[in-house]
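What the sequence shown shows, in the numbering used here, is residues 187 to 454, in sequence order. Glycine is no exception: its CB is placed at the ideal position from the N, C-alpha and C atoms.
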Amino acid sequence: MNNINDSSAIHITPETFVKQIRSLGRYNFPEPALVDPDGIGIVGIGGNLAPETLISAYAQGLFPWFNDDEPIAWWCPEPRCVMQPTDYQPSKSLRKQANNARWQLTLNQAFNEVIHACSLPRSNGLPEGEHTWIHDDMIEAYNELHAQGFAHSVEVWDDQGQLVGGLYGLKIGSIYFGESMFHIASNASKLAFWGLMRLCTQSNVTLVDCQLPNEHLMSLGAITLSRTEFLTQLDTLISNGSDAWHKNSHRPLAVSLLGNLQPWQLNP
């Protein structure tokens, strides 16, 4: 990887930054097919989590995934799990919950709270007190991306005003790179995902990268693409325009997810 230790701050749009790194040839990662012909997924080790490094990585189809006591590892898995927002269909039971629950949905209201909640142990065998791969360095890096308008969160709140579910990721051009989701109330992460699908459909985001397939994502309607097909589509998607995502106010689930009105406030 070239020049990935430059930690200067960036305050430009992801689309503009992608054009700049292409023209300058900076932050180039290895070609996945060359360094990982067997499709294991890991294509590089080292570098840093500076905003420009992360945006460059995502624009080339890579994402960081490593434990706190390990060097930074960059992944581009084969196959790639993705979701086409226009193909998403919520279940009847989820529609019923959205219609009946006095919960609310927001965008970018609690990014730090969401990423911290995603970092906490779940039913995955982690010892008490241990966190997921979303450790302090990752939290700091993605909070910086959020402050600069690159990373976004969707939140679900119950009728007591408690954050009960959410997700976060990055948007570049017309693709959203999903990172993680959480819930502490039944179906709250599914409701957040539904909100993300509506937001993407409204704002010309045509593909959501889910990284690795799992049973939960496939149950929501995700599909898999070959790594080559994903990278081919990515090259076009990151250059496409889409509406900006800003912070919005609390709105009832029934309005945000089931109403005919636009579910999100996209203007500041």
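In this structure LYS357 is not in contact with LEU406, their Cβ atoms being roughly 19 Å apart against a cut-off of 8 Å. Counting other Cβ atoms within 10 Å of its Cβ, PRO257 stays below 16 and is therefore classed as exposed.
One alpha carbon belongs to LEU248, the other to TRP260, and they sit about 6 Å apart. Buried is the label assigned to SER428, since at least 16 other Cβ atoms lie within 10 Å of its Cβ.
Around the beta carbon of VAL340, 16 or more other beta carbons sit within 10 angstroms, so the residue counts as buried. In this structure, the beta-carbon distance from PRO250 to VAL229 does not fall below 8 Å. Listed in chain order, the non-local C-beta contacts of CYS262 below 6 Å within the same chain comprise PRO218, VAL229, GLY247 and LEU248, local neighbours out to five positions each way being set aside. Looking from the CA of ASN373, the closest CA among PHE336, PRO399, CYS386 and TRP289 belongs to TRP289. Residues of the same chain with a CB within less than 7 Å of the CB of TYR244, apart from the 5 flanking positions on each side, are LEU356, ILE358 and PHE363 in chain order. Under the DSSP assignment, ASP395 falls outside any alpha helix (DSSP H), being part of the beta strand (DSSP E) whose first and last residues are 393-397.
The continuous alpha helix (DSSP H) containing THR422 extends over residues 413-423.
Contact between the region 287-305 and the region 343-351 is present: three or more C-beta pairs spanning the two stretches fall below 8 Å. Beyond the five residues adjoining it in sequence on each side, ILE370 comes within less than 6 Å, by CB distance, of VAL350 in the same chain, given in chain order.
Between the region 415-428 and the region 380-394 there are three or more C-beta pairs closer than 8 Å, enough to call the two in contact.
In this structure, LEU235 lies away from MET367, with their beta-carbon atoms at least 8 Å apart. LEU293 places its beta carbon less than 8 Å from that of ASN434.
Using a 10 angstroms sphere on the CB of GLN397, the tally of other CB atoms reaches 16 or more, which defines it as buried.
When DSSP states are grouped into helix, strand and coil, ILE358 belongs to the strand group. According to the DSSP assignment, VAL300 belongs to no beta strand (DSSP E) but to the alpha helix (DSSP H) extending over 297-305. Around the beta-carbon of ILE361, 16 or more other beta-carbon atoms lie within 10 Å, marking it buried.
The C-alpha of ALA440 lies about 36 Å from the C-alpha of SER412. Just measuring C-alpha positions, the residue of ALA284, ASP344, GLN346 and MET404 sitting nearest MET269 is MET404.
For SER339, there is no enclosing alpha helix (DSSP H); the residue is part of the beta strand (DSSP E) that begins and ends at 337-343. Under DSSP, GLN246 shares a beta bridge with no residue. No residue range can be given for GLY445, since it is assigned to no alpha helix (DSSP H) and is classified by DSSP as neither H nor E. Excluding five sequence positions before and after VAL342, the CB atoms of its chain that fall closer than 7 Å to its own CB belong to TRP289, LEU291, VAL350, GLY351, GLY352, ALA374, LEU377 and ALA378, given in chain order.
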